[in-house]
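Please read the structure below before turning to the comments.
Residue numbers (my numbering), protein chains in the order written: chain A, 8 to 256; chain B, 29 to 334.
In structure tokens:
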């Protein structure tokens with residue numbers, strides 16, 4: 008039996024009195040794309056941050072490629088090296104050029120030479136239509152370009168798993184498409200991804216599986232076509248109705 | 029340096045929401061705050077300024093004590109004595125320059141070290157954090173002059189081997205004292221800078237696999253240091269002036285030299301000479317700091333990196 012790329016088992020997370028994750032179970036296979044949907048505050052972002060070990064979990068475990076990464080004594084930096092994450096707010100380093108943003112981790116974490124890291128950066132930037140932006144600083148780029156640089160920065164570490172946290176929510180509507188197209192390309196190439204998103208049409212197109220988060224648990228998950236056309240749970244129904252009413256689908 | 033605006037969940041970096049970084053200065057007409065703006069404004073400002081300062085000058089020079097023999101003009105503004113003493117004072121002032129330049133380099137290093145200690149996370153680092161906090165409290169609380177006295181007179185009395193002695197000992201301990209005191213201030217400046225960098229920056233660095241120290245070194249500190257250059261330079265201007273306190277240990281620097289001249293001629297003009305030297309030294313720095321701050325405000329308004 009092949010080991011799933013990611014297995015989340017009974018993960019609980021509280022912030023003070025607020026239980027954000029109340030026992031999440033989720034498995035993601037190699038080359039699989041899973042979209043997390045659900046209202047704001049349902050725990051999508053927190054789940055992604057927990058998977059990347061940016062937030063400690065209170066109970067349960069997270070297994071990546073067979074290794075329990077939430078066990079004591081795990082080298083968390085080594086785990087993060089294998090996982091890429093892209094944030095809603097891009098979080099590019101504003102004091103570095105685009106190329107520096109992309110080459111920083113390959114140079115300092117993987118120990119690549121300046122030349123090798125730059126070559127990798129140039130390849131990726133070229134592939135995502137950013138070749139002419141390599142020498143620019145992030146504040147000279149549009150939001151869509153910045154977010155694509157953030158994706159390239161994560162890809163430069165050649166992660167086994169890519170987490171995308173509402174990567175289009177901070178963008179002007181006209182810039183959303185270019186970022187979604189980039190993610191579609193990655194899905195086609197077989198990148199294993201967990202994507203938190205409010206873009207239901209995109210989720211239906213690109214996901215192998217959709218998981219609906221409701222109040223810190225996965226209320227329903229399954230095939231996107233089935234989920235969006237005939238959801239089983241009333242919470243899912245209510246959520247999708249509200250999305251449709253808001254004209255987002 | 030405020031983190032205002034939306035919370036961390038929806039934090040959008042500056043310059044991402046359609047703000048064109050090449051947009052013109054969004055605060056037109058505010059460039060000449062001192063002289064007022066537009067039309068007859070500058071002329072009125074110039075006229076009122078001339079009248080204002082003219083009246084003050086008139087008041088001083090028409091006072092009974094100004095022009096009588098042995099009056100203020102003779103005691104403080106003796107041109108011949110100025111020309112006769114300025115060279116000696118400048119030679120003494122070279123010692124001040126040495127002291128504050130060496131101290132500034134040491135402060136930049138020590139204060140950064142302390143600021144990093146102060147911001148270490150985790151329960152295990154508690155003693156180091158406490159050490160840094162205690163340091164900052166003690167050296168900001170005790171007057172600089174007391175630290176100079178305590179080190180300058182106390183440390184040589186210990187007769188420790190391997191440390192400078194004689195007149196060099198005074199300069200050595202003066203530098204150490206200034207370094208200790210000003211590092212406490214500069215440390216707080218650094219810390220404010222570190223805390224002004226949004227936590228999402230460190231998170232982004234860590235998520236790429238950088239270790240905590242690497243995230244601090246390559247991502248957080250470069251942004252923090254850029255933002256605190258103006259307050260840092262302000263502290264250095266203060267330090268340069270406080271280098272005169274070294275005179276109290278008997279080091280022959282600018283102030284001590286001026287005192288010697290003053291006592292020789294029973295005339296205060298050498299003090300005016302020294303004041304002029306300080307003015308010439310610090311004025312460009314003050315203007316530079318103001319320019320940096322103004323540029324920072326303009327750039328932030330245009331959505332660029334500070």
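Note that beta-carbon positions come from the ideal geometry of N, C-alpha and C, so glycine has one too. For clarity, every value in this text was computed on a predicted model and none was experimentally measured.
Residues of its chain near residue i, where Cβ-Cβ distance is below 6 Å and the 5 sequence neighbours each way are ignored
i                      : result
residue 110 of chain B : 297 and 301
residue 128 of chain B : 267, 268 and 271
residue 160 of chain B : 142, 145 and 146
residue 50 of chain B  : Reliability fails at residue 50 of chain B, whose pLDDT of 46 lies under 50, so the model's placement of it is uncertain and no value is given.
residue 219 of chain A : 44, 45, 226, 227 and 243
Status (buried if at least 16 other CB within 10 Å, exposed otherwise) for residue i
i                      : result
residue 218 of chain B : buried
residue 32 of chain B  : Legend: pLDDT at residue 32 of chain B = 38, less than 50; position of this residue unreliable, no value from coordinates given.
residue 96 of chain B  : exposed
residue 190 of chain A : buried
residue 136 of chain A : exposed
residue 107 of chain B : exposed
residue 241 of chain A : exposed
residue 77 of chain A  : buried
residue 216 of chain B : buried
residue 232 of chain A : exposed
residue 76 of chain B  : exposed
residue 200 of chain B : buried
residue 145 of chain A : buried
residue 90 of chain B  : exposed
residue 55 of chain B  : Bear in mind that the predicted position of residue 55 of chain B carries a pLDDT of just 49, short of 50, making it too unreliable to give a figure here.
residue 45 of chain A  : buried
residue 165 of chain A : exposed
residue 311 of chain B : exposed
residue 53 of chain B  : Because residue 53 of chain B sits at a pLDDT of 47, beneath the cut-off of 50, its placement in the model cannot be relied upon, and the following sentence gives the value as read from the coordinates. Residue 53 of chain B comes out exposed.
residue 237 of chain A : exposed
residue 85 of chain B  : exposed
residue 196 of chain B : exposed
residue 44 of chain B  : With a pLDDT of 39 at residue 44 of chain B, under the threshold of 50, the modelled position of that residue is not reliable, and the figure given next carries that caveat. Answer is buried; the Cβ neighbour count reaches 16.
Proximal chain B residues relative to residue i, where beta-carbon distance stays under 8 Å
i                      : result
residue 84 of chain A  : 234, 237, 238 and 239
residue 135 of chain A : Those do not exist, as residue 135 of chain A stays about 17 Å from chain B at its closest Cβ, beyond 8 Å.
residue 22 of chain A  : Neighbours of residue 22 of chain A on chain B: none; closest Cβ ~12 Å, over 8 Å.
residue 63 of chain A  : Correct list: empty, because the minimum Cβ distance to chain B is about 12 Å.
residue 38 of chain A  : Those do not exist, as residue 38 of chain A stays about 22 Å from chain B at its closest Cβ, beyond 8 Å.
Partners in chain B for residue i, counting only beta-carbon separations shorter than 9 Å
i                      : result
residue 202 of chain A : In chain order: nothing, as chain B lies at least about 16 Å away.
residue 241 of chain A : Under the 9 Å cutoff, chain B gives no residues; its nearest Cβ is about 27 Å from residue 241 of chain A.
residue 88 of chain A  : 236 and 237
Same chain only: Cβ atoms within 7 Å of residue i, ignoring 5 sequence neighbours per side
i                      : result
residue 55 of chain A  : 92, 170, 172, 201 and 203
residue 120 of chain B : 280, 281, 282, 284 and 285
residue 99 of chain B  : 93
residue 31 of chain A  : 15, 18, 54, 224 and 225
residue 127 of chain A : 113 and 163
residue 197 of chain A : 38
residue 176 of chain A : 95 and 205
residue 303 of chain B : none
Contact set between residue i and chain B, taken where Cβ atoms lie within less than 7 Å
i                      : result
residue 59 of chain A  : 235
residue 92 of chain A  : 235
residue 155 of chain A : Result: empty, since nearest Cβ-Cβ is about 13 Å, beyond 7 Å.
residue 180 of chain A : Going along chain B, no residue has its Cβ under 7 Å from residue 180 of chain A, so there is no contact; the nearest lies around 12 Å.
residue 235 of chain A : The contacting residues do not exist; residue 235 of chain A stays about 26 Å from chain B at best.
Interface residues of chain A facing residue i [CB-CB closer than 7 Å]
i                      : result
residue 242 of chain B : 115
Other residues of its chain near residue i: CB distance less than 8 Å, five sequence neighbours each side excluded
i                      : result
residue 193 of chain B : 184
residue 172 of chain B : 205, 206, 209, 270 and 273
residue 79 of chain B  : none
residue 155 of chain A : 135, 136, 137, 185, 186 and 189
residue 49 of chain A  : 220, 221, 222 and 223
Any non-hydrogen atom of the ligand SAH within 8 Å of residue i CB
i                      : result
residue 258 of chain B : Questions concerning the ligand SAH fall outside what the structure shown contains, since it holds no ligand whatsoever.
Proximal residues of chain A, C-beta to C-beta of residue i below 9 Å
i                      : result
residue 202 of chain B : Residues of chain A passing the Cβ test: none, with the nearest at roughly 37 Å.
Query raised in the report: Can you find at least 3 beta carbon pairs, one from the region 164-174 of chain A and one from the region 135-144 of chain A, that sit closer than 8 Å?
Result: The answer is no - the region 135-144 of chain A does not touch the region 164-174 of chain A, with fewer than three Cβ pairs under 8 Å.
Query raised in the report: In chain order, what residues of the region 159-171 of chain A put their CB closer than 8 Å to some CB of chain B?
Result: Going along the region 159-171 of chain A in chain order, one finds 160, 161 and 164 with a Cβ nearer than 8 Å to chain B.
Report task. Please list the residues of the region 245-269 of chain B that have a C-beta atom closer than 8 Å to any C-beta atom in chain A, keeping them in chain order. Result -> Hits within the stretch, in order: 246, 247, 250, 251 and 254.
Query raised in the report: Taking a cut of 7 Å between CB atoms, which residues from the region 106-129 of chain A lie near chain B?
Result: Taking a C-beta cut-off of 7 Å against chain B, the contacting residues of the region 106-129 of chain A are 111, 112, 115 and 116, listed in chain order.
Query raised in the report: Taking one C-beta from the region 251-262 of chain B and one from the region 111-119 of chain A each time, how about it: are there three or more such pairs within less than 8 Å?
Result: Taking 8 Å as the limit for Cβ pairs, the verdict is that the region 111-119 of chain A does not touch the region 251-262 of chain B.
Query raised in the report: Quick one, which residues of the region 213-228 of chain B are near chain A if we go by CB-CB under 9 Å, in chain order?
Result: For the region 213-228 of chain B, the set of residues with a beta-carbon nearer than 9 Å to any beta-carbon of chain A comprises 226 and 228, in chain order.
Query raised in the report: When Cβ atoms are compared, which residues of the region 133-155 of chain B fall closer than 8 Å to chain A?
Result: When C-beta distances to chain A are compared with 8 Å, every residue of the region 133-155 of chain B stays at or above that value.
Query raised in the report: Are three or more beta carbon pairs between the region 206-221 of chain A and the region 31-42 of chain A nearer than 8 Å?
Result: Contact holds: three or more Cβ-Cβ distances are below 8 Å.
Query raised in the report: Does the region 131-140 of chain B come within contact of the region 201-216 of chain B, defined as at least 3 CB pairs closer than 8 Å?
Result: With a cut-off of 8 Å, the region 201-216 of chain B and the region 131-140 of chain B count as touching, because enough Cβ pairs lie within range.
**Report entry** Contact set between the region 192-222 of chain A and chain B, restricted to residues whose Cβ is under 8 Å from the partner
**Finding:** Those residues of the region 192-222 of chain A that come within reach of chain B (Cβ to Cβ, closer than 8 Å) do not exist; the list is empty.
Query raised in the report: Quick one: any contact between the region 149-167 of chain A and the region 176-185 of chain A, if contact means 3 or more CB pairs under 8 Å?
Result: Verdict: yes, contact present.
Query raised in the report: So, do the region 96-105 of chain A and the region 232-252 of chain B have three or more beta carbon pairs nearer to each other than 8 Å?
Result: With a cut-off of 8 Å, the region 232-252 of chain B and the region 96-105 of chain A count as touching, because enough Cβ pairs lie within range.
Query raised in the report: Can at least three beta-carbon pairs, one atom from the region 115-128 of chain A and one from the region 191-199 of chain A, be found at a separation below 8 Å?
Result: The answer is no - the region 191-199 of chain A does not touch the region 115-128 of chain A, with fewer than three Cβ pairs under 8 Å.
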